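Novice: In my numbering, the protein residues as written are 237 to 615.
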């Protein structure tokens, strides 16, 4: 056993090592998610971990994310660089520059780590792994429904069950409060965030009745849509409501195994989104496991995307089959390859230990290679 002091293993707050079997499981989970995106025509791209600050966070999506972004000095160029805090901003840049010549809609997928200044309420880790898909250049109910449904397909491919999708339209809140004073706007926003309808009823401002009716429509979609349909709205708001309900209907028709809920004015976590958004939860995991919605790229193209947070999934390691580990007392790649082709994993002995069965147990092997046969070790 190797001795080490606690000080040598100390890591910054919000950062940690991912060990076996979780590291292997996370890697396989990422590939399964990406494989689903690929089957629906999403081409994988891989942007860099670090970019120049004036490229990554100077405008567009990056500008919204600047407060959560680490900066460092590039010793070569002496220019400030930024470590990405969200991959979507980079996909926006790629689509707007290097892939601007490709026909639309453009479908891209990605996976990669991000680093943030702070964690969130449900997950204090600052280094996170994102897997996502972006559909760029198509503004329609079908595009919004597609990104939601493909996200759900991906999650189900890695064993996520008991899913609930919460659908929102956060830009509505901004529109409804556009003529309200800053102080009153802060009061109303706080009341909406904590769902305090009674407090709102004691205030006075334009559109307050509509805000309250939207809040009262929150909940299970089958009940909420009946309420939403009967709210009297002007043409602009009516068009948004109808669009929202059409997307909801498309998702429901194509996926009857996921629960759908509506919280149309929810905007927390949607800093750069401009249209319909969604958050995915599961009864088996804490907090949100995926998020997405419609936004504008750096060159003002419309886009819809989703991001899955793999570190929140915490899936069981059923697929990491260490029960199939075979101990080979000596070194032979030919024998190892033969055993691997049979569906097993192998580990070579140290050639220093005469008690090979003890070493096999220490290496967590269930089998030993003996006389050209795979023999199960006795407990």
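From the three backbone atoms N, C-alpha and C, an ideal C-beta is built for every residue, glycine too. Source: prediction; values computed, not measured.
DSSP three-state label for residue 546, please.
Specialist: Residue state, collapsed to three classes: helix.
Novice: Given residue 495, which residues of its chain have a CB within under 6 Å of its CB, disregarding the five upstream and five downstream residues?
Specialist: Counting only Cβ-Cβ distances below 6 Å, and skipping sequence neighbours, we find 400.
Novice: Taking the DSSP output, what are the residues bridged to residue 316?
Specialist: According to DSSP, residue 316 bridges with 309.
Novice: Taking the C-alpha atoms as reference points, what is the distance between residue 308 and residue 319?
Specialist: Near 8 Å, if we compare the C-alpha coordinates of residue 319 and residue 308.
Novice: Just to confirm before moving on: does the CB-CB distance between residue 321 and residue 362 stay below 7 Å?
Specialist: No. Outside cutoff.
Novice: Which same chain residues end up closer than 8 Å to residue 316 when comparing Cβ atoms and leaving out the 5 residues on each side of it in sequence?
Specialist: The answer, listed in chain order, is 288, 289, 290, 307, 308, 309 and 310.
Novice: I'd like the span of the alpha helix (DSSP H) that includes residue 479, first residue to last.
Specialist: Its alpha helix (DSSP H) spans residues 471-490.
Novice: Quick check: the region 383-403 against the region 560-576, are at least 3 beta-carbon pairs closer than 8 Å?
Specialist: Judged by Cβ distances under 8 Å, the region 560-576 makes no contact with the region 383-403, as fewer than three pairs qualify.
Novice: With DSSP collapsed to three states, give me the class of residue 496.
Specialist: Of the three classes helix, strand and coil, the one that applies to residue 496 here is strand, per DSSP.
Novice: In three-state terms, what does DSSP make of residue 286?
Specialist: Strand at residue 286.
Novice: I'd like the list of long-range same chain contacts for residue 301, defined as Cβ closer than 8 Å, with 5 residues on each side in sequence excluded.
Specialist: Excluding positions up to five away in sequence, the list reads 293, 321, 322, 325, 507 and 508.
Novice: Just the Cα atoms here: how many angstroms apart are residue 447 and residue 265?
Specialist: Rounded to whole angstroms, residue 447 to residue 265 spans 40 Å at the Cα level.
Novice: For residue 408, which of helix, strand or coil comes out of DSSP?
Specialist: If DSSP states are grouped into helix, strand and coil, residue 408 belongs with the helices.
Novice: Going by C-alpha to C-alpha distance, which of 350, 368, 356 and 372 sits closest to residue 342?
Specialist: It is 372.
Novice: Just to confirm my understanding: we take residue 360, look at its own chain, exclude 5 residues before and 5 after, and list those with CB closer than 6 Å. What are they?
Specialist: For residue 360, where only same-chain residues beyond five positions count, the Cβ hits under 6 Å are 250.
Novice: Can you tell me the Cβ-Cβ gap for residue 513 and residue 404, rounded? I've got them flagged as a contact below 8 Å.
Specialist: Residue 513 to residue 404, Cβ: 5 Å. Contact.
Novice: Starting from the Cα of residue 571, find the closest Cα among 610, 436, 356 and 535 and give me that residue.
Specialist: Among 610, 436, 356 and 535, the Cα nearest to that of residue 571 is on 610.
Novice: Check whether the Cβ atoms of residue 368 and residue 601 sit closer than 7 Å, and answer yes or no.
Specialist: No, the pair does not count as a contact, with Cβ atoms beyond the cut-off.
Novice: Rounding to the nearest angstrom, what Cα-Cα distance links residue 428 and residue 435 in this structure?
Specialist: Taking the straight line from one Cα to the other gives about 9 Å.
Novice: So what does DSSP say about residue 391, is it helix, strand or coil?
Specialist: It is helical.
Novice: Would you check if the region 403-421 and the region 585-604 touch, i.e. whether three or more CB-CB distances between them fall below 8 Å?
Specialist: No, because fewer than three Cβ pairs between the region 585-604 and the region 403-421 fall closer than 8 Å, the two stretches do not touch.
Novice: Going by C-alpha distance, which of 581, 608, 613 and 607 is nearest residue 596?
Specialist: Ranking the options by Cα distance to residue 596, first place goes to 613.
Novice: Does the distance from the CB of residue 498 to the CB of residue 460 come in under 7 Å?
Specialist: Cβ distance < 7 Å, so residue 498 and residue 460 count as in contact.
Novice: Quick check: what's the CA-CA separation for residue 520 versus residue 269?
Specialist: Rounded to whole angstroms, residue 520 to residue 269 spans 18 Å at the Cα level.
Novice: Whole angstroms are fine: how far does the CA of residue 332 sit from the CA of residue 340?
Specialist: Taking the straight line joining both Cα atoms gives about 12 Å.
Novice: With H, G and I counted as helix, E and B as strand and the rest as coil, what does DSSP make of residue 265?
Specialist: Helix.
Novice: Are the Cβ atoms of residue 501 and residue 409 separated by less than 7 Å?
Specialist: Yes; because the gap between Cβ atoms is below 7 Å, this pair is in contact.
Novice: Is residue 540 near the ligand HEM, going by C-beta to nearest heavy atom under 6 Å?
Specialist: For the structure depicted, the ligand HEM is absent and the ligand set is empty, with no information on it obtainable.
Novice: Rounded to whole angstroms, what is the Cα-Cα separation between residue 565 and residue 393?
Specialist: Those two C-alpha atoms are separated by around 38 Å.
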